[in-house]
Amino acid sequence: MTSESTFINLLRSFATDPAARGLLDDVAVIDMGDASLIITHDMMAEGVHFRSNANPADVAWKLVASNLSDLAAKGAAPIGVLLGFMLGDDAWDRAFAVGLEKALAHYNVALLGGDTVANRGDKRALGLTALGMATHRPVPARAGAQSGDILYVTGTLGDALAGFELMDAGFDEIGPLADAFNRPQARLSDGQALAPFVTAMMDVSDGLLLDSERMAAASQVGIQIDLACVPLSPLYVSCRTDSLESQLQAASWGDDYQLLFTAPPHISLPVPATAIGCVLSGGGLTLKDGADPVKLPPMLGYQHQ
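For the sequence shown, my numbering gives the first residue as 685, with consecutive numbering after it.
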């Protein structure tokens with residue numbers, strides 16, 4: 685199977701419009717004069733992004749939130765979404781539609797259209813295109829981090845991982861940990877507030893370590909993370925024993941949908957965030973735990989193989 689990175693590299697040879705940003709970002713950015721139109725598209729596949737027995741309403745919520753999280757990382761306000769949907773079991777389809785309506789109402793986002801196809805196989809694949817408008821220039825990108833910047837992350841990490849593990853072990857799909865995995869929150873207001881202050885920004889969808897490495901590559905800098913500073917949620921910590929291993933697991937897991945960004949030192953941030961590292965000259969990702977260097981784990985996060 686062709687890997688995600690290999691296929692994207694094939695596309696880069698002809699994705700040459702400036703709006704595509706060299707396919708180094710999660711969005712397209714179209715200059716509209718006084719503002720920028722932000723376009724993003726995410727897919728979710730059964731058996732990859734959601735379990736076959738998942739609540740269809742949860743699937744709908746996560747599909748919306750993951751797309752809006754990309755808009756949040758650009759400081760954009762949502763305009764609307766287009767849905768790509770595979771028709772199948774009637775009860776599942778109706779439950780998905782009810783969940784979609786609730787998710788869109790929560791974010792006050794319009795459904796503008798889309799397309800449906802019949803599902804002839806045994807697995808579903810769903811897609812959503814989200815449109816947003818960003819008024820701050822320049823629109824934040826993965827690229828832009830500068831040597832000497834501080835690396836920050838909003839919120840805490842680990843709840844989505846703990847929620848997944850609880851459900852995987854057969855526990856009820858209720859409570860804050862399950863919600864963290866099934867119904868993540870797109871940090872739209874935080875992204876809009878941070879946009880004027882950051883040098884680079886993206887959301888943590890595939891894992892803090894992997895997404896930091898991608899930011900370093902796009903910005904052509906090095907990034908160092910102090911695992912001792914990575915903010916872990918109290919609920920996640922209560923489920924773990926080994927500190928360093930817990931930090932590495934939380935930092936290598938996706939689905940957090942927090943905002944990862946860089947900013948110059950001593951800047952006063954408009955939203956709460958935790959400093960977890962720094963930007964260095966050179967390239968690549970390095971880890972430490974306080975004063976002690978830490979070897980990178982074999983897997984930095986989730987990648988489509």
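For glycine and all other residues, C-beta sits at the position ideal for the given N, C-alpha and C.
>> Less than 9 angstroms between the C-beta atoms of ALA846 and LEU861, yes or no?
In response: By 1-based counting over the sequence shown, the position of residue 846 is 162. By 1-based counting over the sequence shown, the position of residue 861 is 177. Cβ atoms of ALA846 and LEU861: closer than 9 angstroms.
CA nearest to the CA of VAL743, picked from ASP726, ASP754, VAL978: In the sequence shown, residue 743 corresponds to position 59, counting from 1. Out of ASP726, ASP754, VAL978, ASP726 has the C-alpha closest to the C-alpha of VAL743.
Checklist entry - Quick one: is ASN693 buried, meaning 16 or more other Cβ sit within 10 Å of its Cβ, or exposed? => result Here residue 693 refers to the residue found at position 9 of the sequence shown. Per the 10 Å Cβ criterion, exposed.
Can you tell me whether MET716 is buried or exposed? The criterion is at least 16 other CB atoms within 10 Å of its CB, across all chains shown. Here residue 716 refers to the residue found at position 32 of the sequence shown. Exposed, since its Cβ has fewer than 16 Cβ neighbours within 10 Å.
Margin query: DSSP three-state label for ASP973, please.
Written below: The count along the sequence shown starts at 1 and reaches residue 973 at position 289. In the structure shown, ASP973 sits in a strand (DSSP, three-state: E or B).
Taking the alpha carbon of ASN866 as the point to measure from, which residue in ASP939, PRO982, GLY759, GLY764 has its own alpha carbon closest? In the sequence shown, the residue the question calls residue 866 occupies position 182. Of the candidates ASP939, PRO982, GLY759, GLY764, the one whose C-alpha sits nearest the C-alpha of ASN866 is ASP939.
From the DSSP secondary-structure annotation, give me the bridge partner or partners of SER720.
By one-based count along the sequence shown, residue 720 stands at place 36. In the DSSP output, where bridge partners are listed per residue, SER720 has ASP715, ALA818.
**Study point:** PRO956 versus GLY828: straight-line alpha-carbon distance, rounded
**Key:** The residue labelled residue 956 in the question sits at position 272 within the sequence shown. The residue labelled residue 828 in the question sits at position 144 within the sequence shown. Cα-Cα distance, rounded: 21 angstroms.
TODO: Determine the DSSP secondary structure at GLY961, reduced to helix, strand or coil.
DONE: Stepping through the sequence shown from its first residue, residue 961 is reached at position 277. It is a strand residue.
To the nearest angstrom, report how far apart GLU849 and ASP777 are at their CA atoms.
Your numbering for residue 849 matches position 165 in the sequence shown. Your numbering for residue 777 matches position 93 in the sequence shown. Going from the Cα of GLU849 to the Cα of ASP777 covers about 27 angstroms.
How about MET851 and THR946: are their beta carbons less than 9 angstroms apart? Along the sequence shown, one-based indexing puts residue 851 at 167. Along the sequence shown, one-based indexing puts residue 946 at 262. No. Outside cutoff.
Checklist entry - When you compare only the Cα positions, how much space is there between GLY875 and PHE881? => result Counted from its first residue, the sequence shown places residue 875 at position 191. Counted from its first residue, the sequence shown places residue 881 at position 197. Each residue's alpha carbon lies about 10 angstroms from the other.
For ARG871, which of VAL921, SER889, SER753 has the nearest alpha-carbon? The count along the sequence shown starts at 1 and reaches residue 871 at position 187. Nearest C-alpha to ARG871: SER753.
Q.
I need the straight-line Cα distance from LEU798 to LEU767, nearest angstrom please.
A. Locating residue 798 in the sequence shown gives position 114, counting from the first residue. Locating residue 767 in the sequence shown gives position 83, counting from the first residue. For clarity, residue 798 is Gly in the given sequence; the question names Leu instead. Going by the C-alpha atoms only, they are around 4 angstroms apart.
ask   = Where does GLN989 land, buried or exposed, given buried means 16+ other C-beta within 10 angstroms?
value = Looking up residue 989 in the sequence shown gives position 305. At GLN989, the pLDDT of 46 sits below 50, so the modelled position is not reliable; the number obtained from the coordinates is stated separately. Exposed, because fewer than 16 other Cβ atoms sit within 10 Å of the Cβ of GLN989.
> Who does ILE907 pair with in a DSSP beta bridge?
Replying inline: The residue given as residue 907 occupies position 223 in the sequence shown. Answer by DSSP bridge pairing, in chain order: VAL963, LEU969.
Taking just the CA atoms, how far does ARG898 sit from LEU928? Your numbering for residue 928 matches position 244 in the sequence shown. Your numbering for residue 898 matches position 214 in the sequence shown. Going by the C-alpha atoms only, they are around 23 angstroms apart.
Margin query: For GLY783, report the span of its alpha helix (DSSP H) as first-last.
Written below: Counting from one through the sequence shown, the residue named residue 783 turns up at place 99. Here the alpha helix (DSSP H) through GLY783 covers 774-791.
* In terms of residue numbering, what span does the alpha helix (DSSP H) encompassing MET983 cover? -> As a position in the sequence shown, residue 983 is number 299, starting the count at 1. No alpha helix (DSSP H) contains MET983, which DSSP labels as neither H nor E.
Practice task
Quick one: using the 10 Å Cβ neighbour count with 16 as the cut-off for buried, is LEU969 buried or exposed?
Solution key: Reading the sequence shown from its first residue, position 285 is the one you call residue 969. It is buried - the Cβ of LEU969 has at least 16 other Cβ atoms within 10 Å.
Notebook entry, point to check: What does GLU730 pair with, by DSSP beta-bridge criteria?
Noted result: Locating residue 730 in the sequence shown gives position 46, where the first residue counts as 1. GLU730 pairs with PHE734.
- Query: Over what stretch of residues does the alpha helix (DSSP H) that includes PHE848 continue unbroken?
  - Reply: For the purposes of this step, residue 848 is taken as residue 164 along the sequence shown, with counting starting at 1. Where PHE848 is concerned, the enclosing alpha helix (DSSP H) stretches over 843-852.
Looking only at its chain, what residues have a beta carbon closer than 8 angstroms to the beta carbon of GLY706, apart from the 5 residues adjacent to it on each side?
Within the sequence shown, residue 706 is the residue found at index 22, counting from 1. ARG696, ALA699, listed in sequence order.
Q. Just how far apart, CA to CA, sit ASP701 and GLU688?
A. The residue labelled residue 701 in the question sits at position 17 within the sequence shown. The residue labelled residue 688 in the question sits at position 4 within the sequence shown. Cα to Cα, ASP701 sits roughly 21 angstroms from GLU688.
- For the stretch 829-841 and the stretch 732-750, state whether three or more C-beta atom pairs, one from each stretch, are separated by less than 8 angstroms. no
Open item on the list: Buried or exposed for GLN933, going by 16 or more other Cβ atoms inside 10 Å?
Closed with: Mapped onto the sequence shown, residue 933 falls at position 249. Label assigned to GLN933: buried.
- Message: With H, G and I counted as helix, E and B as strand and the rest as coil, what does DSSP make of ILE763?
- Response: Position 79 of the sequence shown, counted from the start, is the residue given in the question as residue 763. Looking at ILE763 - three-state DSSP - the assignment turns out to be strand.
| request: Look at the alpha carbon of SER995 and the alpha carbon of LEU953, and state the distance between them as a whole number of angstroms. | output: Here the chain has residues from 685 to 989 only, and residue 995 is not among them.
Problem set entry | Simplified DSSP assignment, three categories, for ASP799 | Residue 799 sits at position 115 when you count from the first residue of the sequence shown. In this structure, ASP799 counts as strand in the three-state DSSP scheme.
With DSSP as the reference, please indicate the residues paired to ILE834 in a beta bridge. What you label residue 834 is simply residue 150 of the sequence shown in a count that begins at 1. In DSSP, ILE834 forms a bridge with ALA947, CYS962.
Discussion item. Assuming LYS746 and PRO868 are in contact, meaning their beta carbons sit under 8 angstroms apart, how far apart are those beta carbons, in whole angstroms?
Written reply: Position 62 of the sequence shown, counted from the start, is the residue given in the question as residue 746. Position 184 of the sequence shown, counted from the start, is the residue given in the question as residue 868. The pair is a contact, with the Cβ atoms about 6 angstroms apart (cut-off 8 angstroms).
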